[in-house]
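See structure below.
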Amino acid sequence: MNFEPKKHLGQNFLLDTDIIRSIIDSINLEDGEEFIEIGPGHGVLTQMAVSRIKGKDKKIYAVEIDERFCRKLETMFLEDPGIIIICKDVLDYLPEFSPKGEFKIFGSLPYYITSPIIHGVIKMKKQPKQCVFLIQKEVAEKINCKAPDSSYLSSFVQTFYEVAYLGKVPADRFDPKPEVDGGIISLERKNISYNSDFVSKYEGFLHKAYSHPRKMLNKIFTKEELEKGGINPSIRAQNLDSQQWLNFFSKLNPALYEI
Numbered sequence: 093m094n095f096e097p098k099k100h101l102g103q104n105f106l107l108d109t110d111i112i113r114s115i116i117d118s119i120n121l122e123d124g125e126e127f128i129e130i131g132p133g134h135g136v137l138t139q140m141a142v143s144r145i146k147g148k149d150k151k152i153y154a155v156e157i158d159e160r161f162c163r164k165l166e167t168m169f170l171e172d173p174g175i176i177i178i179c180k181d182v183l184d185y186l187p188e189f190s191p192k193g194e195f196k197i198f199g200s201l202p203y204y205i206t207s208p209i210i211h212g213v214i215k216m217k218k219q220p221k222q223c224v225f226l227i228q229k230e231v232a233e234k235i236n237c238k239a240p241d242s243s244y245l246s247s248f249v250q251t252f253y254e255v256a257y258l259g260k261v262p263a264d265r266f267d268p269k270p271e272v273d274g275g276i277i278s279l280e281r282k283n284i285s286y287n288s289d290f291v292s293k294y295e296g297f298l299h300k301a302y303s304h305p306r307k308m309l310n311k312i313f314t315k316e317e318l319e320k321g322g323i324n325p326s327i328r329a330q331n332l333d334s335q336q337w338l339n340f341f342s343k344l345n346p347a348l349y350e351i
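Residue numbers (the numbering used here): 93 to 351.
So this is what it looks like as structure tokens:
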């Protein structure tokens, strides 16, 4: 079977066993929980995850878009009913996933769709307890940024998750070698609650806030909005952290979210 990487799918396969081990080590793999693996490819992360879960009461949903790897994975895990191969685009799969309890997500993500996948995770009906992703280093660092260097992506993700940057993965640890280094991030879900309209409204609110990042907020929001939110009109979006953005949003939209 031909496993030549498909460029349009962003396929760069992680080769380094130590890095594979460090990714799995950073996930709290517990028997009885459910897991989604995004883009298992050759199944190296999957195999190590399976070896770490001692009990048999596990479910790993390995979501792979490439039919070649779906067939390979089905053969590899033919004798393990706890590994379910889902041959589907993960962006289509996430909205329909219905876990029985707590679940976690891990994977080496195609760099070109990292942001849509992370947005898709946050928009799930039930969010995962933890995510561990290998993504482009610059994106991982951006998600991890704090005020006064906040970005739209860091503010959005950090509203819902505690973010930890776990380290760089050099480009030469992949085959084929990508043009940029990778980075590993861990996301731990925060204990917040909100109604079904909140995420999309909040996403739009932050997009507006960061639409002109060099401008002061009094050029983006009205005087009345800033006064209601208790926001200094002369600062820029990057100066507010995720909790301040959430507080600001809640003051303007009390029906959607209340601190």
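C-beta: ideal position from N, C-alpha, C; glycine also.
Only counting the same chain, and skipping five residues up and downstream in sequence, which positions put a Cβ closer than 7 Å to that of L107?
Reading the sequence shown from its first residue, position 15 is the one you call residue 107. Counting only Cβ-Cβ distances below 7 Å, and skipping sequence neighbours, we find R265, F266 and D267.
Please report how far the alpha carbon of R328 lies from the alpha carbon of K307, in whole angstroms.
Within the sequence shown, the letter at position 236 stands for residue 328. Within the sequence shown, the letter at position 215 stands for residue 307. Rounded to the nearest angstrom, the two C-alpha atoms are 6 Å apart.
Output needed for S326: all residues of its chain with C-beta closer than 6 Å, excluding positions within five of it in sequence on either side, in chain order.
By 1-based counting over the sequence shown, the position of residue 326 is 234. Taken in chain order, the residues that qualify are M308.
Which of helix, strand or coil does DSSP assign to R306?
Locating residue 306 in the sequence shown gives position 214, counting from the first residue. Coil at R306, not helix or strand.
DSSP three-state label for D110, please.
The sequence position of residue 110 within the sequence shown is 18, counting from 1. Helix.
Fully enclosed by the stretch 226-275, which beta strand (DSSP E) runs are 3 residues long or longer?
253-261
What is the rounded straight-line gap between the Cα of I277 and the Cα of M168?
For the purposes of this step, residue 277 is taken as the residue at position 185 of the sequence shown. For the purposes of this step, residue 168 is taken as the residue at position 76 of the sequence shown. I277 and M168: Cα-Cα distance of roughly 28 Å.
Apart from the five residues on each side of it in sequence, which residues of its chain come closer than 6 Å, Cβ to Cβ, to I197?
Sequence index remark: in the sequence shown, residue 197 carries index 105 (1-based). Once the five neighbours on either side are set aside, the close Cβ partners of I197 are I128, P220 and C223.
Are there 16 or more other CB atoms within 10 angstroms of the CB of P346, so buried, or fewer, so exposed?
The residue labelled residue 346 in the question sits at position 254 within the sequence shown. Per the 10 Å Cβ criterion, exposed.
Consult DSSP for Q222 and reduce its assignment to one of helix, strand or coil.
Against the sequence shown, residue 222 aligns to sequence position 130. Reduced to three states, the DSSP call for Q222 is strand.
Can you list the alpha helix (DSSP H) stretches of 4 or more residues lying completely in the stretch 141-219, in chain order?
159-168, 182-185 and 206-214
Got a sec, what are the start and stop residues for the beta strand (DSSP E) E129 sits in?
On the sequence shown, position 37 is the one that residue 129 refers to. Run containing E129: E126 to I130, per the beta strand (DSSP E) assignment.
Using the Cβ count rule (16 or more neighbours within 10 Å means buried), how would you classify K150?
Stepping through the sequence shown from its first residue, residue 150 is reached at position 58. That one is buried.
Helix, strand or coil for L279? Go by DSSP, reduced to three states.
Residue numbering aside, residue 279 sits at position 187 when the sequence shown is read from its first letter. The answer is strand: DSSP assigns L279 an E or B state.
In the DSSP assignment, find the unbroken alpha helix (DSSP H) run with H134 in it and report its ends.
Residue numbering aside, residue 134 sits at position 42 when the sequence shown is read from its first letter. Unbroken run through H134: none, as it is neither H nor E.
Cβ shell of P262 (< 7 Å), same chain only, five flanking positions each side left out:
Stepping through the sequence shown from its first residue, residue 262 is reached at position 170. The answer, listed in chain order, is D273.
Could you say which of N310, I312 and S292 lies nearest to L348 if we only look at CA atoms?
In the sequence shown, counting from the first residue as 1, residue 348 sits at position 256. Ranking N310, I312 and S292 by Cα distance to L348 puts S292 first.
May I have the straight-line CA-CA distance separating E126 from T314, to the nearest angstrom?
Counting from 1 along the sequence shown, the entry for residue 126 is found at position 34. Counting from 1 along the sequence shown, the entry for residue 314 is found at position 222. Near 45 Å, if we compare the C-alpha coordinates of T314 and E126.
Using three-state DSSP, classify F313 as helix, strand or coil.
Counting from 1 along the sequence shown, the entry for residue 313 is found at position 221. Coil, per DSSP.
Own chain partners of P191 with C-beta closer than 7 Å, once the 5 adjacent residues on each side are dropped
The residue labelled residue 191 in the question sits at position 99 within the sequence shown. Excluding residues within five positions, the ones whose Cβ falls inside 7 Å are E126 and K218.
With 16 other CB atoms within 10 Å as the buried threshold, where does T109 fall?
Taking the first residue of the sequence shown as position 1, residue 109 is located at position 17. So T109 ends up on the exposed side.
Alpha-carbon spacing of Y286 relative to C162, whole angstroms
For this step, residue 286 is matched to residue 194 along the sequence shown. For this step, residue 162 is matched to residue 70 along the sequence shown. So the alpha carbons of these two residues sit roughly 36 Å apart.
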